[in-house]
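**Student:** Below are the structure tokens for one structure; questions will follow.
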Amino acid sequence: MLQLRLKMSGKQSRVLELNNLTAQRNAEDTITELIKERDAYIEALSTSNAAFREKVKELSILKRIGESMKWNLDSERICKEIVDVIIDETNLENCSLWLVDHTRSYVELKAAKGQEDEETRYFSYNEPSPIRLALGEGSAGWVAFHGTSLLIEDVTKSDRFLQIETKSNIEIKSLLCLPIQSDKDVIGVINMSHPDIGAFSKENERALKLITNHAALAFANLFLLERIQSFNERLENIVAERTRDLRYSENKYRSFVEQAGDAIIIVERDSGAITEVNSRACEYSGYDKQELVGQTIGKLMGDQLRQNVMDVSSRGSGSINGHPLKRKSGSLLYVDISANTIKTQGGDVIHLIIRDISERRQFEDKLKDYSERLESLVEKRTGELKKAQSELLLATRMAALGELASSVAHEINNPLAVISGYAEDMLDKLENNGAAEKKDIDELSKGLKMVTNQADRCQEITRSLLDFTRSLDLTVAPVDLNYVVMQAIHTASHKSKSQQIKFETSLAEDMHDIDSDSSMIEQIVLNILNNAVDAVGADGIISVNTRFESVYMYIIISDTGLGIREEHLEKIFDPFFTTKPVGKGTGFGLSICHKLAERLNGAISVASEQGKGTKFTIRLPRTIS
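Now the structure itself:
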């Protein structure tokens, strides 16, 4: 018996027993079966070996990409290396690499290698005519926009393929486009094409995605480096700009300090040591800069002045005026000192600005002497002016009295003529008749009344004239304005009892006492009330109001009379002007009111409308200045 033991792929061993002649047919069948099984295992092993070799190739590609990009941080080298690896390690005919711009509005061709290219071409950022596709345009733009791969077996049947005109006439039938994906967005696209239809498979797509993942890492490192480099450049520019500004500011400060018109001294707050001085400080003190820097401030100031400076600086800022500064020669320089405490990293410092006031002191002395002489001269001239003013006032009054004399004489002559006529008539009757009859006595009585009235008239004219011409001496005291007004109303109401005139009052309750002359105020109010009584007649109404605003008090007197004609309003305060019938008024009342109001530092105004009445407004200050 012939035994044959076979062991394949770990399967259970099979023992074939062949007998000499009787088992030959069975043996041939078994051998045929074993041969078929062997061929199947050989084919499986070949397929497995091919897959293994493919994996090894993929790992080799990844190893090459990893090694070539490990320390490569140059955009051109990375782009060209990726394209070279894909072309060299695959059966692809054409490959291009596109990058998405930072605004995410388009993709731009950066590297490409085709059938006719000996080496990969790189397209820099400053290409005169860059090749770009808007996001969503063409296959590369579509992949960049959607972030997914695109496999086209036949480009003639796809509306997403866009033929780009180039210098070489590359025939493209099939296409595989893969995104280079970062953590957040698509940063680029790898576009591969082939002149045959269906040249790419899903397996190719899977394998090439490993390349794009490594490419994404390479670009992530590159972009990170570019951001760092850009940040460093910006930071260096900012530092350079700040350094320039600081240098400019320092030079400007030094120039300002050095060229300042006043002396500037910087002193350490704690030690009192001088750290910086300008040329003016050296000029004032007589010391060189080297002699001052490092010394204490007491070198220039006495103990009292030094302590004053320290006290002022402890409050933050302040000034010391008119103090002497000790010079190197021993002489004293009078100065004004402004001190400010400034906080620095090295500690607090005192910034002193010292101004020479020698010329100012000389000028002040001259000005004081001039002022004294000027005051003496002004006093002398004022005395002369007062004397001249008194003489002028006297002359003016005499002239005014001269002008008034004729008018007064006319006014007085009228009642005197009546008095004279009635007196003569009564004398004639007494001389001719001897004994008086009752009729004659009645006539004499009437005549005497007329003589009395006209005499009173003459006295009124004389009193008004005296009031107008006499000097107005004030008696200032606290005055209750409402009380004075009520006193005047009480007096005026007696005159109007027979006419049934109604007085209405609205006096402010919050009125304050004023410093003024109560008799003058009462005279003003009484004169206006008397005029109002004459104006309204029987059953008329006179309204009196008081109020105050700010520093002024107001008395408003209104009546329901016939009013004053417009052409008379501008003359209403003139002496001798009156709208009353002859013998009823002197024309001095309102003129005296106006004069009294001015003497009280106040004012009086009038408003009137014919047929509706008249309103006088008296304004008085709370205090006569």
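Residue numbers (the UniProt record's numbering): 1 to 625. Each residue gets a CB set at the ideal place from its N, CA and C atoms; glycine is no exception. Since the model is a prediction, treat every value here as computed from it, not as a measurement.
Per the contact definition of three or more C-beta pairs closer than 8 Å, is the segment 108 to 127 in contact with the segment 198 to 215?
**Tutor:** The segment 198 to 215, when compared against the segment 108 to 127, does not touch it at the 8 Å Cβ threshold.
**Student:** Out of Asn221, Gln487 and Asn531, which one is the CA nearest neighbour of Met520?
**Tutor:** On the sequence shown, residue 520 is found 520 positions in, with the first residue counted as 1. Of the candidates Asn221, Gln487 and Asn531, the one whose C-alpha sits nearest the C-alpha of Met520 is Gln487.
**Student:** On the DSSP bridge list, what partners appear for Glu609?
**Tutor:** Taking the sequence shown and counting its residues from 1, one reaches residue 609 at position 609. Bridge partners of Glu609: Gly613.
**Student:** Specify whether the segment 261 to 278 and the segment 347 to 360 touch according to this definition: at least 3 beta carbon pairs, one from each stretch, less than 8 Å apart.
**Tutor:** As far as the Cβ criterion goes, the segment 261 to 278 touches the segment 347 to 360, which means the pair count is three or higher.
**Student:** Quick check: what's the CA-CA separation for Met192 versus Leu246?
**Tutor:** Position 192 of the sequence shown, counted from the start, is the residue given in the question as residue 192. Position 246 of the sequence shown, counted from the start, is the residue given in the question as residue 246. Looking at the two C-alpha atoms, the distance is approximately 56 Å.
**Student:** In the DSSP assignment, find the unbroken alpha helix (DSSP H) run with Leu224 in it and report its ends.
**Tutor:** Taking the sequence shown and counting its residues from 1, one reaches residue 224 at position 224. Per DSSP, Leu224 belongs to the alpha helix (DSSP H) from Lys202 to Gln259.
**Student:** If you drop the 5 nearest sequence neighbours on each side, which residues of the same chain put their C-beta closer than 7 Å to that of Ser605?
**Tutor:** By one-based count along the sequence shown, residue 605 stands at place 605. Excluding residues within five positions, the ones whose Cβ falls inside 7 Å are Thr617.
**Student:** Which residues in the same chain have their Cβ closer than 6 Å to the Cβ of Asn340, if we skip the five residues on either side of it in sequence?
**Tutor:** Here residue 340 corresponds to residue number 340 of the sequence shown, with the count starting at 1. Counting only Cβ-Cβ distances below 6 Å, and skipping sequence neighbours, we find Ser317 and His351.
**Student:** Which residue or residues does DSSP assign as beta-bridge partners of Arg132?
**Tutor:** Translated into the one-based positions of the sequence shown, residue 132 becomes position 132. Its beta-bridge partners are Glu108.
**Student:** Could you check which residue in Ala597, Gly602, Gln163 and Gly611 has the C-alpha nearest to that of Thr560?
**Tutor:** As a working mapping, residue 560 is identified with position 560 in the sequence shown. When only C-alpha atoms are compared, the closest one is Gly611.
**Student:** Three-state secondary structure (DSSP) at Trp71?
**Tutor:** Position 71 of the sequence shown, counted from the first residue, corresponds to residue 71. Residue confidence is low: Trp71 scores 49 on pLDDT, short of 50, so the model does not pin down where it sits. No coordinate-derived value is stated.
**Student:** What does Pro478 pair with, by DSSP beta-bridge criteria?
**Tutor:** Mapped onto the sequence shown, residue 478 falls at position 478. DSSP lists Asp515 as partners of Pro478.
**Student:** Is it the case that the Cβ atoms of His323 and Leu305 are separated by a distance below 7 Å?
**Tutor:** Residue numbering aside, residue 323 sits at position 323 when the sequence shown is read from its first letter. Residue numbering aside, residue 305 sits at position 305 when the sequence shown is read from its first letter. Yes.
**Student:** Using DSSP with H/G/I as helix, E/B as strand and the rest coil, what is Thr623?
**Tutor:** What you label residue 623 is simply residue 623 of the sequence shown in a count that begins at 1. If DSSP states are grouped into helix, strand and coil, Thr623 belongs with the strands.
**Student:** Considering only their Cβ atoms, is the gap separating Asp515 from Val476 smaller than 7 Å?
**Tutor:** Position 476 of the sequence shown, counted from the first residue, corresponds to residue 476. Position 515 of the sequence shown, counted from the first residue, corresponds to residue 515. Closer than 7 Å, so yes.
**Student:** Tell me, to the nearest whole angstrom, how far the beta carbon of Glu203 is from that of Leu176; I am working on the premise that it is less than 8 Å.
**Tutor:** Within the sequence shown, the letter at position 203 stands for residue 203. Within the sequence shown, the letter at position 176 stands for residue 176. No, Glu203 and Leu176 are not in contact; Cβ-Cβ is about 11 Å, not under 8 Å.
**Student:** In or out: Gly138 buried (at least 16 other Cβ within 10 Å) or exposed?
**Tutor:** Within the sequence shown, residue 138 is the residue found at index 138, counting from 1. The residue in question, Gly138, is buried, as its Cβ has 16 or more Cβ neighbours within 10 Å.
**Student:** What ranges does the beta strand (DSSP E) occupy inside the segment 149 to 188, keeping only unbroken runs of at least 3 residues that lie completely in it?
**Tutor:** Taking only runs of at least 3 residues, the beta strand (DSSP E) segments lying wholly in the segment 149 to 188 are 150 to 152 and 174 to 181.
**Student:** Buried or exposed: Asn531, going by 16 or more other Cβ atoms within 10 Å of its Cβ?
**Tutor:** Residue 531 sits at position 531 when you count from the first residue of the sequence shown. Answer is buried; the Cβ neighbour count reaches 16.
**Student:** Would you tell me roughly how many angstroms separate the C-alpha atoms of Pro179 and Arg244, rounded to the nearest one?
**Tutor:** Position 179 of the sequence shown holds residue 179. Position 244 of the sequence shown holds residue 244. If you take the alpha carbons of Pro179 and Arg244, they lie about 46 Å apart.
**Student:** Applying the 10 Å Cβ sphere with the 16-neighbour rule, what's the burial state of Gly147?
**Tutor:** On the sequence shown, residue 147 is found 147 positions in, with the first residue counted as 1. Flag for Gly147 reads exposed.
**Student:** Output yes or no for whether 7 Å exceeds the beta carbon distance between Asn308 and Ile320.
**Tutor:** Start at 1 with the first residue of the sequence shown, and residue 308 comes out as number 308. Start at 1 with the first residue of the sequence shown, and residue 320 comes out as number 320. Yes.
**Student:** Any contact of the segment 537 to 544 with the segment 498 to 505, i.e. 3+ C-beta pairs under 8 Å?
**Tutor:** Yes, the segment 537 to 544 is in contact with the segment 498 to 505.
**Student:** Please report the residue range of the beta strand (DSSP E) in which Gly589 lies.
**Tutor:** Numbered from its first residue, the sequence shown carries residue 589 at position 589. Segment Gly589 to Arg599 is the alpha helix (DSSP H) holding Gly589; no beta strand (DSSP E) there.
**Student:** Taking C-alpha atoms, which residue in Phe123, Glu119 and Leu92 lies nearest to Leu99?
**Tutor:** Along the sequence shown, read from residue 1 onward, the residue named residue 99 stands at position 99. Measuring from the Cα of Leu99, the nearest candidate turns out to be Phe123.
**Student:** Please report the straight-line C-alpha distance between Glu258 and Asn278, rounded to a whole angstrom.
**Tutor:** Locating residue 258 in the sequence shown gives position 258, where the first residue counts as 1. Locating residue 278 in the sequence shown gives position 278, where the first residue counts as 1. Taking the straight line joining both Cα atoms gives about 5 Å.
**Student:** Would you check if the distance between the CB atom of His194 and the CB atom of Glu93 is smaller than 7 Å?
**Tutor:** Along the sequence shown, one-based indexing puts residue 194 at 194. Along the sequence shown, one-based indexing puts residue 93 at 93. Contact flag set, yes.
**Student:** Skipping 5 residues on each side, what residues in its chain have a beta carbon closer than 6 Å to that of Asp183?
**Tutor:** Residue mapping note: residue 183 aligns to position 183 of the sequence shown, counting from 1. Result list for Asp183: empty, nothing under 6 Å.
**Student:** Which residue from Met310, Arg254 and Tyr253 puts its Cα closest to that of Ser271?
**Tutor:** As a working mapping, residue 271 is identified with position 271 in the sequence shown. Of Met310, Arg254 and Tyr253, the residue nearest in Cα terms is Met310.
**Student:** In the DSSP assignment, what are the bridge partners of His194?
**Tutor:** Stepping through the sequence shown from its first residue, residue 194 is reached at position 194. BP columns for His194 point to Ser174.
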